[in-house]
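Just so you know, we're using this note's numbering here: the sequence shown kicks off at 484 and counts up by one.
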Amino acid sequence: MRYKNIIFDFGNVIGTFQTASILKPFCRSAEDFDLLSCVIFKNWGALDAGMIDYEENARSCIELLPDRLKETGRAFFADWVQYVRPIPATWDFIRELKSKNVGIYLLSNAPTKFAQEAPDTFEILQLFDGIVFSGPLKMAKPAPSIYRYLFQAFHLKPADCFFIDDTAINIQTGRELGMDGFVFTGDIDAIKIELAKGC
484 MRYKNIIFDF GNVIGTFQTA SILKPFCRSA EDFDLLSCVI FKNWGALDAG MIDYEENARS
544 CIELLPDRLK ETGRAFFADW VQYVRPIPAT WDFIRELKSK NVGIYLLSNA PTKFAQEAPD
604 TFEILQLFDG IVFSGPLKMA KPAPSIYRYL FQAFHLKPAD CFFIDDTAIN IQTGRELGMD
664 GFVFTGDIDA IKIELAKGC
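Rendered as structure tokens:
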């Protein structure tokens, strides 16, 4: 493999991140799901980018909910991280790369809460050589600034890196900065085939 470093996104690459999977455990009905989803996720992009404070956003969202769902909203904002589930094939691939002394890094959009809790919640992150979450930095993909931060913080040459992300525009930005990549759709074998090209 000609790449010295593999850069991973987290959501839907290392762990599942879908509205339904993290919100449904808190809902008693489809009506509750619709109401909660509309309120809880309306500012998620701003949370990822660190543009708003996590706790302040939680309070403002809870105020918008009907009284019967306010406690549910509090529970969600406190506990949703535990409902992000590992993607086993990716975890196995990370371990395989680590055994071959390939550099492993994370570049992921995520709110500050996830950035704080993920390293202790998901043991696979202990294998990473460097971790960059968007929320604490107040910058997010696909802005080139967060890619440049990753490269500079860990002394990486873009040409030596390969980026795995579930969103095409994020891969495109990486390519514009000199880093190859591939859109992950759940098939880890497709990633391995892509990495094997040019060996």
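We put the CB at the ideal spot given by N, CA and C, even for glycine. These figures come from a predicted structure and were not determined experimentally.
Looking at the structure shown, is residue i part of a helix, part of a strand, or coil, going by DSSP?
i: Pro-508; result: helix
i: Ile-489; result: strand
i: Val-564; result: helix
i: Phe-665; result: strand
i: Gly-533; result: coil
i: Pro-569; result: strand
My understanding is that residue i touches residue j, with C-beta atoms under 8 Å, so please give their C-beta distance in whole angstroms.
i: Gly-494; j: Ser-591; result: 7 Å
i: Asn-488; j: Tyr-588; result: 6 Å
i: Leu-678; j: Met-484; result: 5 Å
i: Ala-558; j: Phe-509; result: 6 Å
Should residue i be labelled buried (16 or more other beta-carbon atoms within 10 Å of its own) or exposed?
i: Pro-641; result: buried
i: Ile-676; result: exposed
i: Asp-550; result: exposed
i: Asn-540; result: buried
i: Pro-594; result: buried
i: Ser-582; result: exposed
i: Ala-651; result: exposed
i: Ser-628; result: exposed
Whole runs of the beta strand (DSSP E) within the region 573-658, excluding any shorter than 3 residues
Fully enclosed beta strand (DSSP E) runs of 3 or longer: 586-591, 613-616, 644-648.
Stretch-stretch touch, CB-based, cutoff 8 Å, three pairs: the region 624-639 with the region 593-607:
no
Touching or not, the region 508-518 and the region 529-546, by the rule of three or more beta carbon pairs under 8 Å?
Because the criterion of three Cβ pairs below 8 Å is not met, the region 508-518 and the region 529-546 do not touch.
I want to know whether the region 504-511 touches the region 566-586 - three or more CB-CB distances under 8 Å.
yes
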